[in-house]
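Quick mapping for you: the protein sequence lines, in order, are chains A and B.
For what it's worth, UniProt numbering labels the leading residue of the first sequence as 1, then goes sequentially.
For what it's worth, UniProt numbering labels the leading residue of the second sequence as 1, then goes sequentially.
Below: one structure, written as structure tokens.
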Amino acid sequence: MPSAAPPTAGEPSKPRASPLPKDDPLRERILVCGWRKAGKSSCIKTVFQGVPTKDVPYFGVTQKIEKINYDTIIPLQIWDTPTNFELDQLDVPLGSFSTIVYVMDMQQEDMYPEIIARFVQIVVRAHFANPNMKFAIFIHKAEAMAQDYREDNYRQIQQTAEDELLDFPFHTIQNLAPSLNFSDPSVTNALANDLVGSIRYRITSAYEANLREAWSGVVQGVMEMLPSVEQLLLNFTANCGMDNSFLFDIASRVIVAADNRGKNDETLDQVTDYLSRFMQFRELYKNLHLEVDENGPNSADGDEEDKEEEEEEEEYEPEGWWDEEDPEIPWMTQATRLTPNTTLALWQFTPHLALVVLLRTATWEATRGMIEYNLTFLRQGVRRILMEV
Amino acid sequence: MSTTARKKVLLMGKSGSGKTSMRSVIFSNYSARDTKRLGATIDVEQSAVRFLGSLVLNLWDCGGQNNFVDNYLTAQKDTIFANVAVLIYVFDITSTEWEEDLRYFEDILTALRENSADAGVWILVNKMDLLDKEDPKRTRYEERRADVIRVDERIAQKSLGDGEDRGRLRCFPTSIWDESLYKAWSSVIHTLIPNIGLITSHLTYLRDVCLAVEAVVFEAETFLVIAKSGSPLDSPPSEFDKQENRGGASVLDPQRFEKISEIIKGFRKTCQRTGEQFLGFESKFDECTVVLEPMTRNTFILIVSVDPRVETALMQYNIVNAQIHLSEFAGKIVLDRKCGLCRNNKELRYDAPGDLDPSVRAWDDPGPYG
Ligand SMILES: Nc1nc2c(ncn2[C@@H]2O[C@H](COP(=O)(O)OP(=O)(O)O)[C@@H](O)[C@H]2O)c(=O)[nH]1
Ligand SMILES: Nc1nc2c(ncn2[C@@H]2O[C@H](COP(=O)(O)OP(=O)(O)O)[C@@H](O)[C@H]2O)c(=O)[nH]1
Ligand SMILES: [Mg+2]
Ligand SMILES: [Mg+2]
Chain A
1 MPSAAPPTAG EPSKPRASPL PKDDPLRERI LVCGWRKAGK SSCIKTVFQG
51 VPTKDVPYFG VTQKIEKINY DTIIPLQIWD TPTNFELDQL DVPLGSFSTI
101 VYVMDMQQED MYPEIIARFV QIVVRAHFAN PNMKFAIFIH KAEAMAQDYR
151 EDNYRQIQQT AEDELLDFPF HTIQNLAPSL NFSDPSVTNA LANDLVGSIR
201 YRITSAYEAN LREAWSGVVQ GVMEMLPSVE QLLLNFTANC GMDNSFLFDI
251 ASRVIVAADN RGKNDETLDQ VTDYLSRFMQ FRELYKNLHL EVDENGPNSA
301 DGDEEDKEEE EEEEEYEPEG WWDEEDPEIP WMTQATRLTP NTTLALWQFT
351 PHLALVVLLR TATWEATRGM IEYNLTFLRQ GVRRILMEV
Chain B
1 MSTTARKKVL LMGKSGSGKT SMRSVIFSNY SARDTKRLGA TIDVEQSAVR
51 FLGSLVLNLW DCGGQNNFVD NYLTAQKDTI FANVAVLIYV FDITSTEWEE
101 DLRYFEDILT ALRENSADAG VWILVNKMDL LDKEDPKRTR YEERRADVIR
151 VDERIAQKSL GDGEDRGRLR CFPTSIWDES LYKAWSSVIH TLIPNIGLIT
201 SHLTYLRDVC LAVEAVVFEA ETFLVIAKSG SPLDSPPSEF DKQENRGGAS
251 VLDPQRFEKI SEIIKGFRKT CQRTGEQFLG FESKFDECTV VLEPMTRNTF
301 ILIVSVDPRV ETALMQYNIV NAQIHLSEFA GKIVLDRKCG LCRNNKELRY
351 DAPGDLDPSV RAWDDPGPYG
């Protein structure tokens, strides 16, 4: 058991920006913890707060719990934890989290046993707080390591964690689960195997696309609607003769759903890089707009009034992401041709999401109209699923 | 007949200042990270880079260890410093031997002025990324710049001529880790390109028929910006033309072209891993309609419009129509496609058959349906 700090130590972090219901209960909570300097803040900030990787070496030490609200396909609240964090310091029930991400430094090989033992204790405790809790280990700072070295370490970490769980002295925590008989080996074995199966291992680096993939796994893990979105993507991809399609969260470049056919690391790198470069490009021109003639229809004032009204309404009615949409603004689209074969194309679906597809240039040129026609149905389908949850 | 212009570009500066790194990032598609593997340059490495078909840069990357510098200044002096179009001199902002660095520079600049008085001089103060955290206001850079300008003026006074034809000296802070490198090199290239006026007037025409805010040409390999429509590169908003003002160009980032160079080159590198090459894109976002397409064999064109009537297909159609004519500037010494923009130009001889015959359509004639 982690040493029990007095419950008073858990003081609430940042004061809430606003007391509106927009906040906590609707958000999926994700707890990020791990050894000091493992890279927890880097994993969060570079993906969800747009911090450039070149700033990674300059982060200060996290002093207290920080809650990062992030709106994507589902609203998330990611908790970054300070050095010496203990589960008892939380000011909310541990069971209110849906996922625990444990970040560890792949380069600290001599510390693996302690680091993993700590992780296993967290897993066991969190499981009894929320039996559906999902666990992910980010085996971080991998960029310095050669491929076979990475794989060796990955296997070693996975093996150590499994052994540790299978040997766990469950009888010491009988009080957490009075209804189970932990002196019966068949009970504890089943439990340990259950826990082994609830852990996902991911190799990550702040400097590589795999960090976004790891988060993609975490986000997809808490998306109830994932299977239906995946099915829509799969149908669309197959019907239109595409190679792959990916539904991205635009700002974080995390894939929230994909058709999951024959994807490989190069393709993932390529589509992720494609999206980032396009967003960088868009940044350069997005503020351009026609200067309205003095004599022409001047709609500027009208717009502002509209906005004020919208803002006022916000306070009274619960809002969905679709309320933020300005129906006047057309969706972003982009198509990049490569030679000899491939075209990459993007269509925005919601303020936060965009579809990126990879297809043969010949297919694109021959059936573009059909693809765009089918796309309107896919977009509607995805939007309908999202509005229902 | 060939119209190729060969320009000699000297790349000098102390060993380790980043000369070979720059050359590799700009001309060989290295990433900044890749340059850590570069070996030291021994003696002079010459390379020829073809630009726009009609311009070849002879790039002399001069080693830069001390004994080589001495050698440049004595035995090889005439070979090295004769017929130079541009000297690019690279300083390392982190250098702890500034006095000495400056003395070398003075020797080199003196030798250059004796042999190629009218050469342009670009001072690149490099590795700015290493100092920006501790010196965000760039006071060190300003000091270095002032020192360099003093040296230039001292040499100018010493020389007997009145200095009328003395090439200009320009100073840029650079880092291979960001777009500042592209900015400095674009500035070099821009002064060397032949027919720049002709390219610009055609870009402006193309921009206007596309109801666009800007039309910009990039060199295909380096993705350095070559020319843009309307006001010259680096103009302040007060000098923008009517079309630029109408499109609200004053909100645009003045560094955007360097950033585009970096974006496209970075993406190209990613695509190499899957064995594909970047060919162009089209896009609509916010109020913008944008295409980036190959223009001639050695260039790409970017057109950005905010006019709601414009579709990418219109832009692509106009680009296709302009392609053959714009290729003429690089490949021929006599223009022979009928073109109202070229008729009175001062840069290339214009001798289009049927120029006076109204039944022959000019390239830029919109025709009865235009
Ligand atoms: N090599 C490498 N270092 C990293 C990576 N991510 C973070 N770091 C470094 O690890 C140290 C601790 O990072 P930080 O995110 O503050 O860790 P935290 O204490 O777990 O929040 C910093 O010096 C970072 O520069 C990575 O992916 N690779
Ligand atoms: N941080 C930083 N390093 C640079 C920069 N330019 C070059 N370098 C590094 O400086 C070292 C020497 O560069 P090199 O091009 O061989 O210098 P040269 O002797 O002038 O050709 C290489 O390790 C480069 O990675 C820069 O702008 N910033
Ligand atoms: Mg931290
Ligand atoms: Mg060198």
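Backbone N, C-alpha and C fix where the C-beta goes; we use that ideal spot for every residue, glycine too.
Fair warning: this is a prediction, and the values are worked out from it, not measured in the lab.
Check, Outcome
"Below-8 Å beta-carbon distance, B/Q277 vs any chain A residue", "yes"
"Test: B/V306 CB closer than 8 Å to a CB of chain A", "yes"
"Residues bridged to A/W215 [DSSP beta-bridge criterion]", "According to DSSP, which records beta bridges pairwise, A/W215 is partnered with nothing at all."
"Enclosing beta strand (DSSP E) for A/R202 [first to last residue]", "199-203"
"Chain B within 8 Å of A/H289, Cβ atoms only", "yes"
"Cβ-heavy atom distance, B/K36 to ligand 5, below 7 Å", "As presented, the structure is devoid of ligand 5, carrying ligand 1, ligand 2, ligand 3 and ligand 4 as its sole ligands."
"Supposed contact pair A/L288 and B/V44 - C-beta distance, whole angstroms, cut 8 Å", "That belief does not hold up - the Cβ atoms of B/V44 and A/L288 are roughly 46 Å apart, past 8 Å."
"Beta carbon of B/L279 nearer than 8 Å to that of A/R337", "yes"
"Same chain, Cβ closer than 6 Å to B/N345, five either side skipped, listed in chain order", "L198"
"B/Y89 vs B/V56 beta-carbon contact at 8 Å", "no"
"Cβ distance (whole Å) where A/I78 is taken to contact A/F135 below 8 Å", "Between A/F135 and A/I78 the Cβ distance is about 15 Å, and since that is not below 8 Å, they are no contact."
"Chain-order list of residues whose beta-carbon lies under 6 Å from that of A/T363 (same chain, five-residue window excluded)", "G241"
"Test: B/N321 CB closer than 8 Å to a CB of chain A", "no"
"Residues near B/I176 by beta carbon distance below 7 Å, same chain, minus five either side", "G18, S21, M22, V25, A32, T35"
"Closer than 8 Å to chain B by CB, A/P330", "yes"
"Cutoff 6 Å; reference B/I264; Cβ partners in own chain excluding five residues on either side", "F223"
"Between the CA atoms of A/D105 and B/W98 - distance to the nearest angstrom", "41 Å"
"Cβ shell of A/F168 (< 8 Å), same chain only, five flanking positions each side left out", "V120, V124, T188, A192"
"A/N130 versus A/I30, A/E388, A/P82, A/L233, residue with shortest Cα-Cα distance", "A/I30"
"Of the listed residues A/S245, A/G60, A/N374, nearest to A/A354 (C-alpha basis)", "A/S245"
"Proximity test, B/A313 beta-carbon vs ligand 1 heavy atom, cut-off 7 Å", "no"
"Cβ-Cβ distance between A/A206 and A/T53 below 8 Å", "yes"
"Euclidean distance between Cα positions of A/G381 and A/D243", "20 Å"
"8 Å Cβ cutoff, A/D306 in contact with chain B", "Per-residue confidence for A/D306 stands at a pLDDT of 45, beneath the threshold of 50, marking its modelled position as unreliable; no derived number is given."
"Cβ-heavy atom distance, B/Y141 to ligand 1, below 7 Å", "no"
"Per DSSP, cross-strand counterpart(s) of A/Y154", "Paired residue(s): none; A/Y154 is not in a bridge."
"Sequence-distant residues of its chain with Cβ nearer than 6 Å to B/F218 (five each side left out)", "V225, F300"
"B/S175 CB to nearest heavy atom of ligand 2 below 7 Å", "yes"
"Simplified DSSP assignment, three categories, for A/K307", "For A/K307, the predicted model reports a pLDDT of 44, less than 50, meaning its position is unreliable; a value from the coordinates is still stated below. Helix, per DSSP."
"Top-ranked residue by Cα proximity to B/S95, from B/V306, B/L130, B/S47, B/A146", "B/L130"
"Rounded Cβ spacing between B/V140 and B/N58 (contact assumed at less than 8 Å)", "For the record, residue 140 of chain B in the displayed sequence is Arg; it is not Val. That pair is no contact at about 33 Å."
"Complete runs of the alpha helix (DSSP H) confined to the segment 33-103 of chain B [at least 4 residues]", "66-73, 77-81"
"Buried or exposed by the 16-neighbour rule on C-beta atoms within 10 Å, applied to A/I371", "buried"
"Run of the beta strand (DSSP E) containing A/A129, from where it starts to where it stops", "Taken as a continuous stretch (DSSP letters only), A/A129 belongs to no beta strand (DSSP E), being part of the alpha helix (DSSP H) at 112-129."
"Chain A residues whose Cβ lies nearer than 7 Å to that of B/F300", "Correct list: empty, because the minimum Cβ distance to chain A is about 12 Å."
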